[in-house]
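Notes for the one structure printed next.
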Amino acid sequence: MLGNFVYCNPTKLYFGENSLDNLEGELKNYGKKVMLVYGGGSIKRTGLYDSIIAILKKCGKTVIEDGGVMPNPTSVKLEEGAKIARENNVDLILAVGGGSVIDYSKAVSVSAYCEDDPWEKYFIRFEDVSCKVIPVGCVLTMVGTGSEMNGGSVITNHEQKLKIGHVFGENVFPKFSILNPVLTYTLPKKQMVAGFFDIMSHILEQYFSGTDDNTSDYIMEGLLKSLIHSAKIAVKNPEDYEARSNIMWIATWALNTLVAKGKTTDWMVHMIGQAIGAYTDATHGMTLSAVSLAYYRYIMPYGLDKFARYAVNVWGVNAECRDKKDVAEEGLEKMGEFMREIGVAMRSSEVGVTEEIIPGVAKATLIMDGGYKVLTTKEVEQILRDSL
Ligand code: NZQ
Ligand code: ZN
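Numbering (my numbering), first residue to last: 13 to 400.
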């Protein structure tokens, strides 16, 4: 471990089949006005909406609804939500949904009383919050992003063709999150597996960096092995509680800041994936799977030792008397086999990338410098072409 760091995670989690029973107790900690935020309607179809409304009524809350949060929430929707929260002087934002609903709720929580343009302040200039923050609580229905226990919020601006995440501080983390694996059973298979790959990608973004002996890398190898094992079971039987609950827990730990401590982190797959999302509005996890193999093949020579370690420790590749490069390549092949088995997008053409938009997508890609290679925009273009 080489880095200096502070670790604090203020989100309280309630995990398990009966975890929704804890909502009532949590609601007592907040004032009367609750802004209920949800997506395009899945919570109404599954009956969760009725259960939540019943709990809110029982607690005597005044409910202000803000539904229709789209996957990849937009800056236009954010302005609407901030206005609703401000005008109703809400005491708590209750996000019921996946990463989009939670990210949006966090963005609303820091924008309601923001005197600046929130998109410009938080997502272009990456400034800290300097106004009152409304507390956010979550009931999670889709597993993948880790938004339930972190400060991340990703917003898309279609006009500017940009999709950008701001990682806010602890004051913006959800105050509590309710994690019931059963609530994720109704996810369409495409969303379920996109979430699985999102988790894998979060771990890899933090794994492929550094050369020191770091406890976080061992934790991540364990998380990856458990994810691979459970994902194979869950695609065959989505109602396997053991597998789905393990995956829900892995997703939270993959991106609740713990494994990044004491490390630099890469995040280039996410930066390219987000730029694709800004152009095509494709499902987040699929934009990542579509470019991952091309990206990792490209940077492998710069972090060969770690790629060989990944092959051996995560994919069980036999390294005895073999060239490191062969071992590392076999690891990526095995990763590709797993991706095909669970059914995620393997090529960027599957998520709407065409030769024509490649220069624009590459230009919209933020370049990060924590991985094994700092890319140029031309190299991003090359990776996108390799992934077509
Ligand atoms: O909108 P509804 O009708 O609810 O349907 C949603 C949506 O269409 C559906 N869904 C969710 N739970 C369901 C369900 N359908 C049936 N049953 C359920 N139980 O699934 C669809 C996708 O939901 P969404 O919230 O968009 O997915 P996800 O959780 O993958 O979130 C994606 C967003 O999170 C951002 C992504 O960029 C993207 O904008 N991310 C946030 C991060 C963070 N906060 O740290 C990190 C991630 O890397 C990611 O960038
Ligand atoms: Zn992600």
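Glycine included, every Cβ here is placed at the ideal spot set by N, Cα and C.
Item	Value
Consult DSSP for histidine 170 and reduce its assignment to one of helix, strand or coil.	coil
Let me make sure I understand the geometry here. Which of Arg137, Phe208, Glu393, Val141 has the alpha-carbon closest to that of methionine 298?	Phe208
Beta carbon of serine 399, beta carbon of valine 303: below 8 Å?	yes
So, using beta-carbon positions, are asparagine 268 and glycine 109 closer together than 8 Å?	no
Looking at proline 147: is its Cβ nearer than 8 Å to the Cβ of leucine 90?	no
What are the boundary residues of the alpha helix (DSSP H) that alanine 107 is part of?	Taken as a continuous stretch (DSSP letters only), alanine 107 belongs to no alpha helix (DSSP H), being part of the beta strand (DSSP E) at 104-109.
For the alpha helix (DSSP H) containing leucine 32, list its first residue and its last residue.	That residue, leucine 32, is in no alpha helix (DSSP H); it is neither H nor E in DSSP.
Decide if isoleucine 395 is buried, meaning its Cβ has at least 16 other Cβ atoms within 10 Å, or exposed.	buried
Please confirm whether any heavy atom of the ligand NZQ lies closer than 7 Å to the CB of valine 113.	yes
As a quick exercise: from Gly37, Met13, Lys275, Asn100, pick the residue whose alpha carbon is nearest that of leucine 216.	Lys275
Threonine 277 and glycine 149: beta carbons closer than 8 Å?	no
Start and end of the alpha helix (DSSP H) containing aspartate 78?	Where aspartate 78 is concerned, there is no enclosing alpha helix (DSSP H), although the beta strand (DSSP E) it sits in stretches over 74-78.
Can you name the residues that DSSP bridges to glycine 149?	Leu106, Phe188
For the pair the region 310-328 and the region 341-350, tell me if three or more CB-CB distances fall below 8 Å.	yes
Quick one: does the C-beta of histidine 214 sit closer than 7 Å to a heavy atom of the ligand ZN?	yes
Got a sec? Which residues, its chain only, sit under 6 Å from valine 339 by beta carbon, not counting five neighbours each side?	Ala320, Ala323, Val329, Ala331
Is the beta carbon of lysine 175 sitting closer than 8 Å to the one on asparagine 84?	yes
Determine the direct distance from the alpha carbon of aspartate 210 to that of leucine 387, and round the result to whole angstroms.	22 Å
Indicate, with yes or no, if the ligand HEM has a heavy atom lying under 7 Å from the CB of histidine 178.	Inclusion of the ligand HEM in the displayed structure is not the case, the ligand content consisting of the ligand NZQ and the ligand ZN alone.
To the nearest angstrom, how far is the alpha carbon of glycine 164 from that of asparagine 34?	24 Å
Is there contact between the region 125-132 and the region 225-245, where contact requires at least three CB pairs shorter than 8 Å?	no
Going along the chain, which residues of its own chain have a beta-carbon closer than 7 Å to the beta-carbon of serine 31, five neighbours each way excluded?	Ile190, Leu191, Asn192
Is the Cβ-Cβ distance between glycine 364 and alanine 294 less than 8 Å?	yes
What are the start and end residues of each continuous alpha helix (DSSP H) run of 4 or more residues lying completely inside the region 218-280, in chain order?	227-248, 253-266
With a cut-off of 8 Å on the beta carbons, I'd call glycine 177 and valine 166 a contact; round off their distance for me.	4 Å
With DSSP as the reference, please indicate the residues paired to valine 49 in a beta bridge.	Asp78, Ala107
Hey, glycine 355 and alanine 263 are a contact pair by Cβ (cut 8 Å); roughly how many whole angstroms apart?	Contact flag wrong, Cβ pair sits at about 18 Å.
Please state the DSSP three-state secondary structure of lysine 44.	coil
Just to check, is the beta-carbon of glutamine 172 closer than 7 Å to a non-hydrogen atom of the ligand NZQ?	no
Output yes or no for whether 8 Å exceeds the beta carbon distance between leucine 60 and leucine 195.	yes
Among Asn169, Cys333, Lys375, which has the Cα closest to the Cα of lysine 390?	Lys375
The alpha helix (DSSP H) spanning serine 361 covers which residue range?	From DSSP, serine 361 is part of no alpha helix (DSSP H); its letter is neither H nor E.
Say yes only if the C-beta of leucine 300 is nearer than 7 Å to one or more non-hydrogen atoms of the ligand ZN, and no if none qualify.	yes
Among Ser121, Arg57, Glu393, which one has its Cα closest to the Cα of leucine 106?	Ser121
For threonine 86, write down the residues that DSSP places opposite it in a beta bridge.	Thr168
Would you call the region 110-119 and the region 41-55 touching, i.e. three or more CB-CB distances under 8 Å?	yes
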